[in-house]
Amino acid sequence: MLDLTYTAPKPKIISGAKHDWELVIGMEVHAQVSSRAKLFSGASTAFGAEPNSNVAFVDAAMPGMLPVINEFCVEQAVRTGLGLKAQINLFSAFDRKNYFYPDLPQGYQISQLYHPIVGEGEVLVELGEGVARRVRIERIHLEQDAGKSIHDMDPNMSFVDLNRTGVALMEIVSRPDIRGPEEAAAYLAKLRQIMLYLGTCDGNMQNGNMRADVNVSVCLPGAYERFRETGDFGHLGTRCEIKNMNSMRFIQQAIEYEARRQIAIVEAGGKIDQETRLYDPDKGETRSMRSKEEAHDYRYFPDPDLLPVEIEQAWVDDIKARLPELPDEKKARFIKDFGLTDYDASVLTADVESAAYFEEVARGRDGKTAANWVINELFGRLKKEDHGIADAPVTPAQLGGIIDLIGRGDISGKIAKDLFEIVYTEGGDPAQIVEARGMRQVTDTGAIEAAVDQVIAENPAQVEKAKANPKLAGWFVGQVMKVTGGKANPAAVNQIVAAKLGL
Amino acid sequence: MSDLTKLTLAAARDALRKGDTTSVELTEACLKAIDAADLLNAFVHKTPDIAMERAKAADARLQAGDAPAMCGLPIGIKDLFCTKGVASQAASRILEGFRPEYESTVSQQLIDAGAVMLGKLNMDEFAMGSSNETSCYGNVINPWRVGADGAALTPGGSSGGSAAAVAADLCLAATGTDTGGSIRQPAAFTGITGIKPTYGRCSRWGIVAFASSLDQAGPMTRDVRDAAIMLQAMCGHDPKDSTSAELAVPDFEAALTGDIRGKTIGIPREYRMEGMPAEIEALWTRGREMLADAGAKITDISLPHTKYALPAYYVIAPAEASSNLARYDGVRYGHRAKLAQGDGITEMYEKTRAEGFGPEVRRRVMVGTYVLSAGFYDAYYNRARRVRALIKRDFDEVFAQGIDAILTPATPSAAFELGKEMSDPVEMYLNDVFTVTVNLAGLPGISVPAGLDAQGLPLGLQLIGRPWEEADLLNTAYALERAAGFVAKPAKWW
């Protein structure tokens, strides 16, 4: 693997009325585990089902019902931990987090406070070529999702949908290593990318399958470094937690707003209250949800219905051995093996499907050429129609065929683009299309010479001008291409035009 | 046959197989006895239709020679067990009208073993109580009383309905559950046998939870053999309960040889409580002599952390209960308070729970909430957990020294008068002093009737066994039972 080295980005600076301020951000990302069944019941996790149809007795907290751990969810959490280069805890345990809410039927959420399944890890968040933030992961724990309360269906009643109740979530807790709104979004995007590679979360933020609580504080320059040296949070400002964000754009807006709000308070001599806040995207502001004093006392204690999760190192090793190649490694390999630029490698490894597509096109061909075609032509064309790689009507074999036709000199680059459009819209084998539609490039020098002679004969005045000004040779090349319907090999035309004009 | 309802499970089983009687006859006799015993308030939901249907099915199986272990035997089920389509309220108003769509694993196993459910039995609300006075159905009355017109006595709790029903010959046996003594104490108060198996022996699935790390189901029966037969049917691994043990279940009845020669019985000095009635002390001494006469070696042992058990129990059990009972919120099932205009979700919770839970349940929910709250967690809950570990270690150590079973009194007194201890919760909690250690350590414990006090009320002795060695424990209890020769029955007055 190519060892890529990165420099850390500069923290975002916000200028207040009196000082420059830095941001300190930590995130708790809730990622729904990709699993057909819930964390402690066999009920389905399918999205969009009729309300209250994916509900087992235990999900509805019927009397006497007991949770039984879904081992696949444990495996997915371990896989995610390994993907984040994290410590896997062979002993973990579930605790109850007690609070009352109608969409929490048990009156407690089963979570892992004291002994999470995954310990410390790290995520490399790239923010441009050679620039990346290393965000430390504190822990990942498994927990149950809550259901959904619906307050707007009836003026007097609220409704509850328990379909989501008990679905497995991974809560991925970062250290306060994120230093700006863009970094926060990039961090979330990177987590999403890694989990999509791993197949442990579908990353669907619209459906709420990935959402984040964002802790924001501000400090004066230098304070953060003292915090990192000492581990003493006293060097940092008081943080506020912005709850339940599921849009990269809103996360950035919320952080920006929240930082400015805090700066204004502190500069006016006020104190930040540690509290939970909600972001209102319509108004573009955060507002208090509950203060520290109002915070729930969750009365965590070990869940007596569940045994601790004890897993074997050999099992972890086995999962590790079967991990797919992850984005960082894949990107490094693409740079090394295919000679790609950092940018192209990033684009091509953005998701597994694109990377796989590219690799198939690049197999036995020039990597850079393959990358150009995949990124510029294919991705560009797909983007026009707002399609993803999965919708691509051109197979890697077809695209490879087009590239091969160029390589063999059968078609010019320009013709190739026309050919690509035909294949994209109509399908078919590129080589056959070239034959059938007479798109083959003319490399027969005799035919080209004849065309050149014709153009020279028809334009004596231009010939004289060209002799005086050799740059005008290009005009003859253009005319020849026109005469040959663009099929003449451009290099051959150039050479013959120059020779005939005696340049 | 006469006195069908007085038969033991074993005797009835044998009679059924010989064709001396039928399950329908047995069941009808029990249903008649139940209807005649409303005064005792033992059965709170009678299920005669289900009983007759199952009795007929059992007779057919008996006829076909396809009779499982408890085929045709009429029993009662504690209201804490969820029984499909049958009211299952844990004797609480908050579960008003609740009829589960599912059958608890234990009661399903009893159905599979051919047992016939006669109805649901009264108990303390959510199994919280030692006198059966916290039930939303009102208290059960112990069939035993002092003389012909003695005061009404408690049957004990929480499985008071089960104990009274078995003692009063309303059913041949009953299920109970035991979180801190709820099988053993009422068994002792009513002159019957009750065993709490090792934690994890019986599935808790479908049993309304009180304190999950302590709750265990067990049989309440006329004698030790019946306890062996019924426990056999009730226990075993259940994948639906993560805390149920994946262990083979031995043949308990086959273990009943009565031969305990060479066994070592420990007598824990810490169970000699100050102010313990002389009669209890004397019974304990007699028990020791009986076991010695049967060939066991008797050794004084020490379980040094015993005195901390009751306080630790009354932290851990309410803590778990406060969380387990959070689901009773009026949202999905059971009681929901009528709300006033403008009331929101908080008022719905508060009113529902205030109306739905009785005072003892409310007290324990509050205690449990308190001991788990920020700032108190370490001082109470965590300390109690450490005490619990020490109590378990006490037992581990004496078992490691070769002790096979431990003999203690089952209760600090005989059945007391109803209403007498209700005003003082701490006095009530002292009823559990000999039994809670067993739950905290997850051990099997059995209460065997061993004699009558001066007033003619039954007293029980408790034997505590090694984990998973119920077979051995039952055999020791069997030897004690044979030596004690307890045959007294309450005179019928109801």
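Respectively, the protein sequence lines represent chains A and B. Add 294 to a position in the first sequence, counting from 1, and you land on the number used in the numbering used here. Add 8 to a position in the second sequence, counting from 1, and you land on the number used in the numbering used here. Where a beta carbon is used, it is the ideal one built from N, C-alpha and C, also for glycine. In this text the structure is predicted, and so the values were computed from the model without any measurement.
Rounded to whole angstroms, what's the CA-CA distance from A:M295 to A:R486? Just pull it up for me.
With a pLDDT of 42 at A:M295, under the threshold of 50, the predicted position of this residue should be treated as unreliable, though the coordinate-derived value follows. Approximately 23 angstroms between the Cα atoms of the pair.
Any residues in the region 359-383 of chain A with a beta carbon nearer than 8 angstroms to a beta carbon of chain B? Which ones, in chain order?
M359, L360, P361, V362 and I363
Give the secondary structure of B:T16 by DSSP, where H, G and I count as helix, E and B as strand, and everything else as coil.
coil
Keeping to the same chain, check which residues put their C-beta closer than 6 angstroms to that of B:W501; ignore five residues upstream and five downstream.
Excluding sequence neighbours, B:W501 sits near nothing in its chain.
Starting from B:N447 and walking both ways along the alpha helix (DSSP H), at which residues does that stretch end?
Going by DSSP, B:N447 is part of the alpha helix (DSSP H) stretching over V444 to A449.
Suppose only complete runs of 4+ residues qualify. What are the alpha helix (DSSP H) ranges in the region 302-337 of chain B, listed by chain order?
317-332
Unbroken alpha helix (DSSP H) run spanning B:K40, endpoints
S31 to D43
So B:W213 contacts chain C; which residues on that side make the cut at Cβ distance below 7 angstroms?
The question asks about chain C, but that chain is absent: this structure's protein chains are A and B.
Identify which residue in A:A782, A:V777, A:T739 and A:V791 has its Cα closest to the Cα of A:G768.
Ranked by how close their Cα comes to the Cα of A:G768, the residues A:A782, A:V777, A:T739 and A:V791 have A:V791 in first place.
With a threshold of 8 angstroms, are at least 3 pairs of Cβ atoms found where one atom belongs to the region 328-344 of chain B and the other to the region 404-419 of chain B?
Here the region 328-344 of chain B makes no contact with the region 404-419 of chain B; the two share fewer than three CB pairs at distances below 8 angstroms.
Sufficient close CB pairs (3 or more, under 8 angstroms) joining the region 590-603 of chain A to the region 379-395 of chain A
yes
What residues from chain B crowd round A:G516, counting only those whose CB sits closer than 9 angstroms?
Result: empty, since nearest Cβ-Cβ is about 34 angstroms, beyond 9 angstroms.
Rounded separation between A:V746 and A:L766 - CA only:
14 angstroms
When Cβ atoms are compared, which residues of the region 585-603 of chain A fall closer than 7 angstroms to chain B?
D591, R593, F595, P598, D599, L600 and L601
Own chain, CB closer than 8 angstroms to B:Q116, minus 5 neighbours either side, in chain order:
G214
In the DSSP assignment, find the unbroken alpha helix (DSSP H) run with B:P367 in it and report its ends.
Taken as a continuous stretch (DSSP letters only), the alpha helix (DSSP H) holding B:P367 covers P367 to L380.
Quick check on B:Q349: buried or exposed, where buried means 16 or more other Cβ atoms within 10 Å of its Cβ?
exposed
Determine the closest residue to A:I363 out of A:R428, A:E437, A:G578 and A:S309, with distance taken between C-alpha atoms.
Nearest Cα to A:I363 within the set A:R428, A:E437, A:G578 and A:S309: A:E437.
Using beta-carbon positions only, say whether B:D157 and B:T185 come within less than 9 angstroms of one another.
no
Residues that A:A354 contacts on chain B, provided the C-beta gap is smaller than 7 angstroms:
R340
Distance cutoff 9 angstroms, beta carbons only. Does A:N392 sit that close to anything in chain B?
yes
In chain order, what residues of the same chain lie with their CB nearer than 8 angstroms to the CB of B:L47, ignoring the 5 residues before and after it?
I149 and W502
Would you say A:Q326 lies against chain B (beta-carbon separation less than 9 angstroms)?
no
Would you identify the three-state DSSP class for B:P56, choosing helix, strand or coil?
helix
So the candidates are A:P449, A:F453, A:I434 and A:H435; which of them puts its Cα closest to the Cα of A:S443?
A:F453
At the 9 angstroms Cβ level, is A:F385 part of the contact set with chain B, yes or no?
no
Residue from B:D301, B:T307 and B:P466 whose Cα sits closest to the Cα of B:F197:
B:P466
Three-way DSSP call (helix, strand, coil) for A:F453 in this model
Note: A:F453 maps to strand in three-state DSSP.
Hey, B:T251 and A:D599 are a contact pair by Cβ (cut 8 angstroms); roughly how many whole angstroms apart?
About 7 angstroms separates the Cβ atoms of B:T251 and A:D599, confirming a contact at the 8 angstroms cut-off.
Is the distance from the Cβ of B:M131 to the Cβ of B:G165 below 9 angstroms?
yes
Find out if the Cβ-Cβ distance for the pair A:K537, A:L572 is shorter than 9 angstroms.
Yes; because the gap between Cβ atoms is below 9 angstroms, this pair is in contact.
How about B:K248: is its C-beta nearer than 9 angstroms to some C-beta of chain A?
Output row for B:K248: interface = yes.
One question on the structure: do A:Y474 and A:I319 come within less than 9 angstroms of each other, judged by their Cβ atoms?
Residue identity check: residue 474 of chain A is Gly in the sequence provided, not Tyr. Cβ distance < 9 angstroms, so A:G474 and A:I319 count as in contact.
Exposure of A:E752, with buried meaning 16 or more beta-carbon neighbours within 10 Å:
By the neighbour-count definition (other C-beta atoms within 10 Å, threshold 16), A:E752 is an exposed residue.
Quick one: using the 10 Å Cβ neighbour count with 16 as the cut-off for buried, is B:E111 buried or exposed?
buried
Counted within 10 angstroms of its Cβ, other Cβ atoms place B:A487 as buried (16 or more) or exposed:
Classification of B:A487: buried, given that the 10 Å Cβ count is 16 or more.
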